[in-house]
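Report on the structure given below.
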Amino acid sequence: MPYQCSLEDVRVLALDTTTRAGSVAIVDDDRTLAEARGDAARSHAERLPAELVALLAAHNLAIADIDLFAVAAGPGSFTGLRVGIAAMQGFALVGRRPLAGISALDALAHAASDALAAGVRIASWMDAHRREVFAALYEVSADPQSHEGRLREIEGPTVGDPSETLARWQTLGVQPTMFVGDGATLYADTIGRERPHVRVLAAPLLAATIGRLALARAATGAVSGAASVQPLYVRRPDAEIARERRTSTTTVDTE
């Protein structure tokens, strides 16, 4: 069932598990009340839900005080996404509150877009390993209707070789002037060879931005129950690919 709220008197608990460290945040009336980086020395499964409970307790809050939950839906580590989404689904179900799944690529671009002029193009690049990046391309809107509407998506989530991604955007005539994310810093030399005058920004903490995007989405009635949130993998899981290969091999052997 869709959930809608105003931008006032709404408290959001947000979680990002798309990277090893990730982050947690409390957003109160579109203001960041608290944001913290996770402990990268431990897995998300070891840290959650304790990190979320500890952040709330540090601000004299409990799960019952949260009006809306938000989680990074992906892309990112398969295990991290599953653990993060499951943790927030559990909170949302227990608290009988809605849950919003937010693209980490969207969050990266929004985090980088503050004070940028209309028409500036922002590329979100996340390290996808295997010498690939998860990527998406956006343009700053001239007349945003909301925080979420500040950016117009030019190309949605993809995964691929960094040079090939740049070449595709060159062919389409939609080259960005700013790159953000751990994939951008990892392949800064590749970007610099092709686009020597663009800015490359390190990945910021994302939980607070995820919380604000969730709040903006809830204001339009575009948030619903916990079960509606599904992982945004972009790349198919290795286990699924391996299973398909085994099935294909078995079929060939029996023919």
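Going left to right, the sequence shown walks through residues 2 to 256 as the working numbering numbers them.
The beta-carbon is built from N, C-alpha and C at its ideal position, and this holds for glycine as well.
Can you list the beta strand (DSSP E) stretches of 3 or more residues lying completely in the region 79-160, in chain order?
-> The region 79-160 contains, as complete beta strand (DSSP E) runs of 3+ residues, the segments 100-104, 122-130, 133-141 (chain order).
Could you name the residues of the same chain whose beta carbon sits closer than 8 Å to that of LEU57, not counting the 5 residues immediately before and after it, in chain order?
-> Only LEU14, ILE27, ALA63, ILE64, ASP66, ILE67 meet the Cβ criterion.
Paired residues, beta bridge with ALA41 - DSSP | Answer by DSSP bridge pairing: none, since ALA41 is not bridged.
Could you spell out where the alpha helix (DSSP H) holding ARG196 opens and where it closes?
-> Per DSSP, ARG196 belongs to no alpha helix (DSSP H) and is neither H nor E.
Taking the beta strand (DSSP E) that ALA73 falls in, what are its first and last residues?
-> It spans 69-75 - the beta strand (DSSP E) in which ALA73 sits, taken as one unbroken run.
Quick one: Cα of ARG153 to Cα of ALA136, how far?
-> Rounded to the nearest angstrom, the two C-alpha atoms are 15 Å apart.
Give every residue of the same chain whose Cβ lies closer than 8 Å to the Cβ of TYR234, excluding the five residues on either side of it in the sequence, and list them in chain order.
-> Leaving aside the five residues that flank TYR234 on each side, the residues in its chain whose CB is nearer than 8 Å to its CB run, in chain order, GLY75, PRO76, PHE79, LEU82.
Should PRO257 go down as buried or exposed, given a rule of 16 or more other Cβ atoms within 10 Å for buried?
-> Because the chain in this structure spans residues 2 to 256, residue 257 falls outside the shown range and cannot be described.
THR166 - DSSP class collapsed to helix/strand/coil = THR166: helix per DSSP, three-state reduction.
How do the region 122-136 and the region 83-94 stand: do at least 3 beta-carbon pairs fall below 8 Å, yes or no?
-> Taking 8 Å as the limit for Cβ pairs, the verdict is that the region 83-94 does not touch the region 122-136.
Length of the line joining the Cα atoms of TRP170 and VAL181 = TRP170 and VAL181 have their C-alpha atoms some 16 Å from each other.
According to the neighbour-count rule (16 or more other Cβ atoms, all chains shown, within 10 Å of its Cβ), is ASP107 buried or exposed?
-> Buried is the call here.
Taking the CB atoms as reference points, tell me whether ALA129 and VAL160 lie closer together than 8 Å.
-> Cβ distance < 8 Å, so ALA129 and VAL160 count as in contact.
Assign VAL11 to one of two classes, buried (16 or more other C-beta atoms within 10 Å of its C-beta) or exposed (fewer than that).
-> The residue in question, VAL11, is buried, as its Cβ has 16 or more Cβ neighbours within 10 Å.
Count the other CB atoms, across all protein chains shown, that sit within 10 Å of the CB of HIS45; report buried if there are 16 or more and exposed otherwise.
-> Buried, because 16 or more other Cβ atoms sit within 10 Å of the Cβ of HIS45.
Can you grab the Cα-Cα spacing for the pair VAL253 / ARG236, in whole Å?
-> For VAL253, the pLDDT reaches just 47, beneath the cut-off of 50, and the residue's location in the model is therefore unreliable, although a value from the coordinates is still provided. The straight-line gap separating the alpha-carbon atoms of VAL253 and ARG236 is approximately 26 Å.
Three or more C-beta pairs closer than 8 Å, one from the region 89-103 and one from the region 35-43: is that the case here?
-> Contact annotation: the region 89-103 does not touch the region 35-43, with fewer than three C-beta pairs closer than 8 Å.
Identify the residues that DSSP records as bridge partners of LEU14: which are they?
-> LEU14 is bridged by DSSP to ILE27, PHE70.
Inspect the beta-carbon positions of LEU216 and LEU69 and report whether they are closer than 8 Å.
-> Contact flag set, yes.
According to the neighbour-count rule (16 or more other Cβ atoms, all chains shown, within 10 Å of its Cβ), is HIS60 buried or exposed?
-> Under this definition HIS60 is an exposed residue.
Under a three-way DSSP split, which group does VAL54 fall into?
-> DSSP places VAL54 within a helical segment (H, G or I) once states are collapsed to three.
Proximity winner among MET127, THR210, TYR139, LEU49, relative to ASP29 (alpha-carbon distances) = Closest by alpha carbon: THR210.
Cβ atoms of LEU167 and GLU195: under 8 Å apart, would you say?
-> Going by C-beta atoms, GLU195 is nearer than 8 Å to LEU167.
With 16 as the cutoff for other CB atoms within 10 Å, does GLN90 come out buried or exposed?
-> Buried: at least 16 other Cβ atoms inside 10 Å.
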